[in-house]
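The next block holds one structure in the form of structure tokens; read it before the comments.
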Amino acid sequence: MRFVADSMLGRLARWLRILGYDTVYFPHIEDRLILRIAREEDRILLTRDRGLVKVRGLKRYLLLRENDPFKQLKEVITALRLTPYRGSDRFGIPSLVRCPVCNALLRRIPKEEAEGHVPEYVYNTVREFKRCPGCGRFYWKGTHPERAQRKLTEVLSDC
Ligand SMILES: [Zn+2]
Numbered sequence: 236m237r238f239v240a241d242s243m244l245g246r247l248a249r250w251l252r253i254l255g256y257d258t259v260y261f262p263h264i265e266d267r268l269i270l271r272i273a274r275e276e277d278r279i280l281l282t283r284d285r286g287l288v289k290v291r292g293l294k295r296y297l298l299l300r301e302n303d304p305f306k307q308l309k310e311v312i313t314a315l316r317l318t319p320y321r322g323s324d325r326f327g328i329p330s331l332v333r334c335p336v337c338n339a340l341l342r343r344i345p346k347e348e349a350e351g352h353v354p355e356y357v358y359n360t361v362r363e364f365k366r367c368p369g370c371g372r373f374y375w376k377g378t379h380p381e382r383a384q385r386k387l388t389e390v391l392s393d394c
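My numbering puts the first residue of the sequence shown at 236, with every later residue one more than the last.
Right, dumping it as structure tokens:
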């Protein structure tokens, strides 16, 4: 299941990517372009804009009611019956497969490649690193702040 999120839903898009879902999002994009992406790439349009979904021929969309990104995430998961992977790590969060910032699939890299690009204590304590081929960011387990992870776990366990 692939998504395109409208320009108001940046934080939701990020969380969907963290859960591994292919989600296109641009902070500044015209409505007609969003609609074109939805149609041409066969993506489900996520939006809070009633006007946007009234367009003729738009078949797959989800009109969100909530304002809070976590509640929106819950809406998406519930409405579309998604089953995000529930892993066994400390927070039940799947390891990242997709870049939360730009949506590209991450590549696992040899540890040495991360040297000098991540904080030294991280380099010394973490074994596995990934890098985004799109924006060049480095990722490792524990990249997300604990608070955000707990919140996400809460949402997932509640769905
Ligand atoms: Zn990226």
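No residue lacks a Cβ here, since even glycine has one placed at the ideal position from N, Cα and C.
### Message
Quick check on the burial criterion: 16 or more other C-beta atoms within 10 angstroms. Buried or exposed for Lys289?
### Response
For the purposes of this step, residue 289 is identified with residue 54 of the sequence shown, where counting begins at 1. Its Cβ having fewer than 16 others within 10 Å, Lys289 is exposed.
### Query
Hey, which unbroken runs of the alpha helix (DSSP H) at 4 residues or more fall wholly within the region 250–318?
Counting whole runs of 4 or more residues, the region 250–318 contains the alpha helix (DSSP H) stretches 266–275 and 304–314.
### Message
Can you list, in chain order, the residues of its chain with a C-beta nearer than 7 Å to that of Val390? Leave out the 5 residues immediately preceding and following it.
### Response
To locate residue 390, count along the sequence shown from 1; it is residue 155. Only Phe305, Leu308 and Lys309 meet the Cβ criterion.
### Task
Could you tell me whether any non-hydrogen atom of ligand 1 is closer than 7 Å to the CB of Arg372?
One-based indexing of the sequence shown puts residue 372 at position 137. Yes, the Cβ of Arg372 comes within 7 Å of a heavy atom of ligand 1.
### Query
How should Lys294 be labelled, buried or exposed, when 16 other C-beta atoms within 10 angstroms of its C-beta is the threshold for buried?
Translated into the one-based positions of the sequence shown, residue 294 becomes position 59. Result: exposed.
### Query
How many Å lie between Ser242 and Tyr356 at the Cα?
In the sequence shown, counting from the first residue as 1, residue 242 sits at position 7. In the sequence shown, counting from the first residue as 1, residue 356 sits at position 121. Near 37 Å, if we compare the C-alpha coordinates of Tyr356 and Ser242.
### Message
If I follow the unbroken alpha helix (DSSP H) through Ala240, where does it start and stop?
### Response
For the purposes of this step, residue 240 is identified with residue 5 of the sequence shown, where counting begins at 1. From DSSP, Ala240 is part of no alpha helix (DSSP H) but of the beta strand (DSSP E) over Phe238 to Ala240.
### Query
Is there at least one non-hydrogen atom of ligand 1 closer than 7 Å to the beta-carbon of Ala349?
Here residue 349 refers to the residue found at position 114 of the sequence shown. No, the Cβ of Ala349 stays beyond 7 Å of every heavy atom of ligand 1.
### Where Arg372 sits in the DSSP three-state scheme
Start at 1 with the first residue of the sequence shown, and residue 372 comes out as number 137. Three-state result, Arg372: coil.
### Message
Shorter than 7 Å, the distance from the beta carbon of Val336 to the closest heavy atom of ligand 1, or not?
### Response
For the purposes of this step, residue 336 is identified with residue 101 of the sequence shown, where counting begins at 1. Within the cutoff, so yes.
### Task
Give a single yes or no on whether Gly245 has its beta carbon closer than 7 Å to a heavy atom of ligand 1.
Stepping through the sequence shown from its first residue, residue 245 is reached at position 10. No; taking the cut-off as 7 Å, the Cβ of Gly245 has no heavy atom of ligand 1 nearer than that.
### Task
Can you tell me the Cβ-Cβ gap for Val311 and Ile269, rounded? I've got them flagged as a contact below 8 Å.
Locating residue 311 in the sequence shown gives position 76, where the first residue counts as 1. Locating residue 269 in the sequence shown gives position 34, where the first residue counts as 1. Actually they do not touch by this definition, with Cβ atoms about 16 Å apart.
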